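Using my numbering, you'd call the opening residue of the sequence shown number 1089 and step up by one each time. The beta carbon of each residue, even a glycine, is placed where N, CA and C say it ideally should be. Every value quoted in this text rests on a predicted model; they were computed, and no experiment measured them. Worksheet for the structure shown next.
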Amino acid sequence: MGEVSSSSAVLLPYALSSVAVARQRIHSDLQEWGVFRTAIDDTVLVVSELLSNALRHAHPLPSGQVGVAWHRMDGHVEVAVSDGGATTEPRAAVPALSSLGGRGLGIVEFLAERWGVRHEGEITTVWAVVACPHPVNGHRADEDIPVLHE
């Protein structure tokens, strides 16, 4: 039997305060959907990085907002942040150790199974797919399966 898909989408103000709102909303949805805590944490971090990058480097949507969406299906969550585009293409950087920034898409690249960029007219969407398996064998979503050491 296949897993039921679930999704949410929000338009948020083009403001740094929207990062906290998006983090809380996706955390709440994933917890309600029964996703493991560590997968929730990874997905929340990915959304934070994508949204922070959009707010730092891109223009708002024509509405003056930024869009954030997530869709869960078959043990994965695709998250997407849509904005009004930028003068440069989003790409993972390799910052110097002393750099204060430039690690966001590197973090996304590490945590996500894959990520990319879609362009639809003036709208740019940066998306990432994160593994989010359902708990099995009686485990609760708020606990992680213990690792047995030999």
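The alpha helix (DSSP H) with Leu1143 in it runs from where to where? Here the alpha helix (DSSP H) through Leu1143 covers 1125-1145.
Assuming contact is defined by CB atoms lying nearer than 7 Å, are Val1135 and Ala1110 in contact in what I supplied? yes
Cut-off 7 Å between Cβ atoms - residues of its own chain near Gly1152, not counting five sequence neighbours on either side: Excluding residues within five positions, the ones whose Cβ falls inside 7 Å are Tyr1102.
Under 7 Å between C-beta atoms of Ala1174 and Thr1213: no
Quick one: what's Trp1121 bridged to in DSSP? DSSP, once it has assigned bridges, lists no residue as partnering Trp1121.
For Asp1171, which beta-bridge partners are listed by DSSP? Thr1212.
For Asp1162 and Gln1119, the rounded distance between their alpha carbons: 16 Å
Quick one: does Thr1176 have its CB under 7 Å from some CB of chain D? Chain labels in this structure do not include chain D; a single protein chain is all it has.
Cβ neighbours of Pro1150 in the same chain (closer than 8 Å, five flanking residues each side left out): Excluding residues up to 5 positions away in sequence, Gly1172, Glu1210 lie with their Cβ nearer than 8 Å to the Cβ of Pro1150 in the same chain.
Are the CB atoms of Val1098 and Val1156 within a distance shorter than 7 Å? yes
Spatial neighbours of Ala1219 within its chain, please: CB distance less than 7 Å, with the 5 preceding and 5 following residues excluded, ordered by chain position. Ala1127, Gly1163, His1164, Glu1201
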